[in-house]
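J.: Protein chains in written order, with this note's numbering: chain A, -4 to 293; chain B, -4 to 293.
All C-beta atoms in this analysis are idealised placements derived from N, C-alpha and C, irrespective of residue type, glycine included.
Computed from a predicted model, the values in this text were never measured in an experiment.
Number of protein chains: 2
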Amino acid sequence: MSDRSEFDAWAREQLAAVEDCLSRWVPADAPAGLGEAMRYGVLDGGKRLRPLLALAAAHAVGASRVAALRAACAVELIHAYSLVHDDMPCMDNDVLRRGKPTVHVQFGEAQAMLAGDAMQALAFEVLTPESDASMPLALQARLCALLARAAGYSGMAGGQAIDLASVGCPLDEQTLRDMHHRKTGALLRVSVLMGAACGDIDERVRDALAVYGDALGLAFQVVDDVLDVTQDSGVLGKTAGKDVDANKPTYVSLMGLDAAMRHARELRDRAHAALAQSGLADTVWLGRLADKVVERDS
Amino acid sequence: MSDRSEFDAWAREQLAAVEDCLSRWVPADAPAGLGEAMRYGVLDGGKRLRPLLALAAAHAVGASRVAALRAACAVELIHAYSLVHDDMPCMDNDVLRRGKPTVHVQFGEAQAMLAGDAMQALAFEVLTPESDASMPLALQARLCALLARAAGYSGMAGGQAIDLASVGCPLDEQTLRDMHHRKTGALLRVSVLMGAACGDIDERVRDALAVYGDALGLAFQVVDDVLDVTQDSGVLGKTAGKDVDANKPTYVSLMGLDAAMRHARELRDRAHAALAQSGLADTVWLGRLADKVVERDS
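1) Taking 9 angstroms as the threshold (C-beta atoms), are D112/A and D112/B in contact?
2) Thinking C-alpha only, which one of R257/A, C139/A, M130/A and E198/A is nearest V289/A?
3) Using the DSSP secondary-structure output, state which residues sit across from L91/A in a beta bridge.
4) Let me know the secondary structure DSSP gives T225/B once reduced to three states.
5) Please give me, in chain order, every unbroken run of the alpha helix (DSSP H) with length at least 4 that falls completely inside the stretch 139 to 164 of chain B.
6) Just the C-alpha distance for D158/B and M174/B, rounded to the nearest angstrom, thanks.
7) List, from N- to C-terminal side, the beta strand (DSSP E) runs of 3 residues or more that fit wholly inside the stretch 32 to 99 of chain B.
8) For a cutoff of 9 angstroms on Cβ pairs, would you count T123/A as touching chain B?
9) Counting pairs of Cβ atoms below 8 angstroms between the stretch 128 to 147 of chain A and the stretch 183 to 190 of chain B, do you hit three or more?
10) Compare the Cα-Cα distances from A49/B to each of L64/B, M86/B and E125/B and report the closest residue.
11) Label D227/A either buried or exposed according to how many other C-beta atoms from any shown protein chain fall within 10 Å of its C-beta, with 16 as the threshold for buried.
12) Starting from the N-terminal side, write out each stretch of the alpha helix (DSSP H) that is 4 residues or longer and does not extend beyond the stretch 182 to 228 of chain B.
13) Please go through the same chain and pick out, in chain order, the residues whose beta-carbon is closer than 6 angstroms to the beta-carbon of A118/B, but skip the five residues on each side of it.
14) Can you tell which of Y35/B, A203/B and D264/B has its C-alpha closest to the C-alpha of A55/B?
15) Quick check on C164/B: buried or exposed, where buried means 16 or more other Cβ atoms within 10 Å of its Cβ?
16) Which residue's Cα is closest to the Cα of G150/B: A133/B, V121/B and G180/B?
17) What would DSSP say about P26/B, mapped onto helix, strand or coil?
18) Roughly how many angstroms separate the alpha carbons of V90/A and A285/A, rounded to a whole number?
19) If I measure Cβ to Cβ from T97/A and keep anything under 7 angstroms in the same chain, skipping five residues before and after, which residues do I get?
20) Secondary structure at D292/B, three-state DSSP: helix, strand or coil?
21) Mind the definition here: the stretch 259 to 279 of chain A touches the stretch 190 to 210 of chain A only if three or more C-beta pairs lie below 8 angstroms; say whether that holds.
22) What are the residues in the stretch 167 to 178 of chain A lying within 9 angstroms of chain D by C-beta distance?
23) Is the Cβ-Cβ distance between R177/A and P26/B less than 9 angstroms?
24) Just checking: is the beta-carbon of A27/A within a distance shorter than 9 angstroms of some beta-carbon in chain B?
25) Which whole-angstrom value is the C-beta distance of M86/A and A32/B, which I expect to be below 8 angstroms?
26) Quick one: which chain B residues come within Cβ less than 7 angstroms of A23/A?
27) In this structure, does DSSP put T179/B in helix, strand or coil?
28) Please go through the same chain and pick out, in chain order, the residues whose beta-carbon is closer than 6 angstroms to the beta-carbon of P22/B, but skip the five residues on each side of it.
29) Is the CB of E120/B under 9 angstroms away from at least one CB in chain A?
30) Do L132/B and M189/B have their CB atoms nearer than 9 angstroms?
31) With C-beta atoms as the reference, is V217/A less than 9 angstroms away from R291/A?
32) Kindly give me the distance between the Cβ atoms of A140/A and T123/B, rounded to whole angstroms, as I take these residues to be in contact under 8 angstroms.
33) For K287/A, which of helix, strand or coil comes out of DSSP?
34) Measuring straight from C-alpha to C-alpha, what distance separates A66/B and L270/B?
35) Going by DSSP, what residue range makes up the alpha helix (DSSP H) through A105/B?
36) What residues in the stretch 53 to 80 of chain B bring their beta carbon closer than 9 angstroms to a beta carbon of chain A?
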């Protein structure tokens, strides 16, 4: 089997497990259509990069798979809720996501806001099961601590606030980098760290994986900016060209297309170097994920 | 000192401590005005009933005050975020809250949504401090588990979804009770349970406090419905009469004013009976809070 098809087989297996868990944990029977909106917002969609990162990191450190699946789904719930809120008219006003009408288009704005709110709470429910031998209370607390900080004002929400304030404003590369470091970087990085926290790791491993996560997170955003100008909406499954239309600063508008792609490849190399630095024996899936992030076309 | 002034002195001391903690924990320096919107949404306002319940329960079980203050502030952050989102145009479209312009009026809808989102994350950050001897990891996990479930689809967010679906619909008393049990009841009840969880309690105490919390939560809502028709906006610090205007079912519209007040007093008595049942020696502040909830005029 080729390197590529081995990875694809691994990823398919992980995604099936994640989908199965999400389908069991995101309620079908929450009151008054709320469960339906939550499921619409998170099931069956997206590349699931964050869960894959969590599971690849858990694999690299030999962590409990049961715990890692909870970490993976919790991170995906935070990501999915942020998209639901981000798409709303008062934010990006997007009508298309993953090739389907966005949650507020389908269920109304109020229900979309509530579904996002309930998805954030559910992420912390998933991390704190009542009786699960593979999730000791100390691990539950550590995972909640990591996720809350990545999702909150110093992470994702903070990055979104900078993004919001930046529309039509000239932003230098440093501020753009800070915005993305929080907005998408924090959650990608914490996916790796939460997966790793499910195992027994020392500080050296943790620090190396943090460098890996940072490099991958930034590479992801640079490539996103590239795809926003080089692909059309059909391929992306979301509205293309919207950053340019909104006069938002991007890596492409700052660096140009070629330099942005070069920068993404440098970041991929930095991610690989961090994996080598970690001293972990089996980082093959983490390595392939770094490649995927840079090579993807949607 | 009279019973009443003793309680007032106790409550003043608790509120000062809560305000001090919130002011330290809700960031002034979050990016792009986000911190400012968060602080506007939670500092300096409201009756702080939930923190007082958490601290009174912690007092009753002899719990660590440091831990109880974190529980108290976390619950208040969830309550405050829910008000910020609830007031937005796509929900209740309220422009006045606690006598001030609502967060979206002051900072815009997008920032209000982000501030609410970040406040929910912050609640879980507050519950998971990195190094705090009075917050062992097992306690952190238990508090996160309680709060997430009270805030999420089976609790507050679920109740809001029922509320949303009920506008202009005939709702029977059972459904109305279920809606309030989730929408406001879950968070009031969990305030008591989280305060108690900061101490070392057995199942009997836990169950008695859960009954107390349920009765108090329901009484709170019944009195809210009464005040909505008997008080004006100036006294309430929010728009009065809006449930009637929105043709929303309330306890008053279902039972009539007198029966609703009688029902509230019965619930207060049930709360007191549960405290007696708990076997706890010092439930004086919990008892006074049940009285306050029923006697309040705003």
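T.: To lay it out plainly:
1) Yes. Within cutoff.
2) R257/A
3) The partner list for L91/A (beta bridge, DSSP) reads P96/A.
4) Residue state for T225/B is assigned as helix, using DSSP reduced to three classes.
5) 151 to 161
6) 7 angstroms
7) none
8) yes
9) no
10) L64/B
11) Under this definition D227/A is an exposed residue.
12) 198 to 225
13) So the qualifying residues of the chain are A69, L72 and I73.
14) A203/B
15) With fewer than 16 Cβ atoms within 10 Å of its Cβ, C164/B is classed as exposed.
16) G180/B
17) helix
18) 30 angstroms
19) D82, D89, V90 and L91
20) Here DSSP, grouped into helix, strand and coil, assigns D292/B to coil.
21) yes
22) Given the protein chain composition of this structure (A and B), no chain D is represented.
23) In this structure, the beta-carbon distance from R177/A to P26/B falls below 9 angstroms.
24) So yes, A27/A belongs to the interface.
25) The pair is not a contact, with the Cβ atoms about 14 angstroms apart (cut-off 8 angstroms).
26) What A23/A touches in chain B: nothing, since even the nearest Cβ is about 11 angstroms away.
27) helix
28) So the qualifying residues of the chain are G30.
29) yes
30) no
31) no
32) 4 angstroms
33) helix
34) 21 angstroms
35) E104 to V121
36) Against chain A - using a Cβ distance shorter than 9 angstroms - the residues of the stretch 53 to 80 of chain B are I73, Y76, S77 and H80.
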